[in-house]
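Protein chains: 2
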Amino acid sequence: MSDTKDIDALIELMAKLPGLGPRSARRAVLHLIRKRGLLMMPLADQMGRVASTARECLNCGNVGTSDICDICSDDRRANGEICVVEDVADLWAMERSGVFKGRYHVLGGTLSALDSIGPEDLGIPRLMDRVVGETISEVILALNATIDGQTTAHYIADQLEHQVSVTTLAQGVPIGGELDYLDDGTISAALRARKKV
Amino acid sequence: MSDTKDIDALIELMAKLPGLGPRSARRAVLHLIRKRGLLMMPLADQMGRVASTARECLNCGNVGTSDICDICSDDRRANGEICVVEDVADLWAMERSGVFKGRYHVLGGTLSALDSIGPEDLGIPRLMDRVVGETISEVILALNATIDGQTTAHYIADQLEHQVSVTTLAQGVPIGGELDYLDDGTISAALRARKKV
Numbered sequence: 242m243s244d245t246k247d248i249d250a251l252i253e254l255m256a257k258l259p260g261l262g263p264r265s266a267r268r269a270v271l272h273l274i275r276k277r278g279l280l281m282m283p284l285a286d287q288m289g290r291v292a293s294t295a296r297e298c299l300n301c302g303n304v305g306t307s308d309i310c311d312i313c314s315d316d317r318r319a320n321g322e323i324c325v326v327e328d329v330a331d332l333w334a335m336e337r338s339g340v341f342k343g344r345y346h347v348l349g350g351t352l353s354a355l356d357s358i359g360p361e362d363l364g365i366p367r368l369m370d371r372v373v374g375e376t377i378s379e380v381i382l383a384l385n386a387t388i389d390g391q392t393t394a395h396y397i398a399d400q401l402e403h404q405v406s407v408t409t410l411a412q413g414v415p416i417g418g419e420l421d422y423l424d425d426g427t428i429s430a431a432l433r434a435r436k437k438v
Numbered sequence: 242m243s244d245t246k247d248i249d250a251l252i253e254l255m256a257k258l259p260g261l262g263p264r265s266a267r268r269a270v271l272h273l274i275r276k277r278g279l280l281m282m283p284l285a286d287q288m289g290r291v292a293s294t295a296r297e298c299l300n301c302g303n304v305g306t307s308d309i310c311d312i313c314s315d316d317r318r319a320n321g322e323i324c325v326v327e328d329v330a331d332l333w334a335m336e337r338s339g340v341f342k343g344r345y346h347v348l349g350g351t352l353s354a355l356d357s358i359g360p361e362d363l364g365i366p367r368l369m370d371r372v373v374g375e376t377i378s379e380v381i382l383a384l385n386a387t388i389d390g391q392t393t394a395h396y397i398a399d400q401l402e403h404q405v406s407v408t409t410l411a412q413g414v415p416i417g418g419e420l421d422y423l424d425d426g427t428i429s430a431a432l433r434a435r436k437k438v
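Chains as they are written, first to last, in the numbering used here: chain A, 242 to 438; chain B, 242 to 438.
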């Protein structure tokens with residue numbers, strides 16, 4: 242149907258978003274068409290604006306609208322701490338917690354022999370440069386507790402040995418977590434790292 | 242952070258789509274930013290294009306880019322059959338099956354005393370007009386097998402009695418369905434409507 246060609250093309254593009262399949266993309270597009278003025282127009286405008294202005298921070302890999310992101314250009318955050326994360330989503334999660342006041346380094350992935358992702362692909366040499374150039378005293382590895390994440394953490398810790406203090410996030414029972422629902426690995430990690438009350 | 246204001250605004254708009262929450266909206270926006278050229282730009286353009294051209298068919302309520310949709314203006318589909326559906330998504334589902342060759346009438350919802358949705362809100366008077374004006378011989382009620390859907394079906398069947406033949410979709414075991422996974426209502430409906438082999 243030539244009449245719905247544009248709508249079909251939009252559904253096809255929407256279905257490429259993570260978390261949306263063909264069915265939910267159709268539902269989303271119908272919802273958008275119903276709310277043309279209130280939602281679809283503003284969303285298209287905003288998406289076009291971000292598409293043309295968004296860029297990755299040349300220093301840390303965070304996304305923003307300038308070459309150096311707000312966090313990297315904020316002098317109050319130059320406290321000698323760098324938090325290494327896999328992904329911008331992890332950086333955002335750290336920021337939401339509001340506890341960390343230093344700067345970040347976004348790897349954009351993990352080391353993986355299978356996918357031939359090496360240290361250069363993750364900007365690890367750049368991290369080394371930053372540790373020297375920005376006079377960093379502590380590198381906090383906030384990588385996911387997956388095999389790839391922990392392999393990458395070990396590699397970075399190895400590289401930075403003797404240069405700077407390297408720490409990693411504590412592992413244990415999540416706040417609000419029920420033992421019954423936790424996996425064995427988490428319980429044994431929490432037990433091994435038990436603390437005196 | 243002023244730097245990410247635009248990105249935050251985009252996430253907020255994306256989170257209004259059905260099927261996306263704040264978390265999956267963030268993930269989708271990060272994915273878009275990573276694929277700025279390949280996906281985000283075309284999606285924003287296409288969304289803007291559809292937002293400015295999409296409209297509802299004045300005759301049947303289908304969405305398209307002209308005042309009268311392709312189905313309503315296709316003379317080969319004037320075979321005297323109107324299929325009544327709740328929603329445009331249902332119309333699309335019927336079209337994908339490729340079996341129905343008549344025209345449609347999209348109600349845009351179901352009768353609901355609780356939400357004070359009456360026959361006028363669903364364009365049921367317009368359906369009556371079409372039945373007379375387009376010399377319709379059969380009205381096929383393809384409404385959802387929910388309580389509201391079936392209430393609406395009964396109301397329409399009542400209104401059209403003596404004017405035209407009114408049919409409804411058969412109820413039974415879905416193709417590929419396993420009895421063990423079917424609800425009791427479907428099994429008893431299929432049993433009541435059993436056919437000679």
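Idealized CB from N, CA, C, for every residue including glycine.
C-alpha distance - R268/B paired with T351/A, whole-angstrom precision: 18 Å
First and last residue of the uninterrupted alpha helix (DSSP H) at H395/B: 388-401
Chain A contact residues for H346/B, given Cβ-Cβ distances below 7 Å: Those within 7 Å of H346/B in chain A number zero; the least Cβ separation is about 17 Å.
Closer than 9 Å at the beta carbon, the chain B residues around L254/A: L280, P283, L284, Q287, M288
Euclidean distance between Cα positions of G321/A and H272/A: 48 Å
Cutoff 8 Å; reference G413/B; Cβ partners in own chain excluding five residues on either side: T427, A430, A431, A434
Cβ-heavy atom distance, A266/B to the ligand HEM, below 7 Å: Looking at this structure, you won't find the ligand HEM or any other ligand, since it has none at all.
Beta carbon proximity, L258/A to chain B, threshold 8 Å: yes
Among G364/B, V270/B, E375/B, P366/B, the one whose alpha carbon lies nearest that of R318/B: E375/B
Beta carbon proximity, A434/B to chain A, threshold 8 Å: no
Interface flag, A295/B vs chain A, CB-CB below 8 Å: yes
Opposing strand residues paired with V380/A [DSSP bridges]: I323/A, V407/A
Same chain only: Cβ atoms within 6 Å of M242/A, ignoring 5 sequence neighbours per side: Because M242/A sits at a pLDDT of 45, beneath the cut-off of 50, its placement in the model cannot be relied upon, and the following sentence gives the value as read from the coordinates. Excluding residues within five positions, none has a Cβ falling inside 6 Å.
Residues within the region 303-330 of chain A neighbouring chain B, beta-carbon criterion of under 8 Å: V304, G305, T306, S307, C310, D311, I312, D328, V329, A330
Residue range of the beta strand (DSSP E) that includes V340/A: Run containing V340/A: none; DSSP gives neither H nor E here.
8 Å Cβ cut-off: residues of chain A touching S265/B: P259, G260
DSSP-derived helix/strand/coil call for V414/A: coil
Residue(s) in a DSSP beta bridge with E297/A: V304/A
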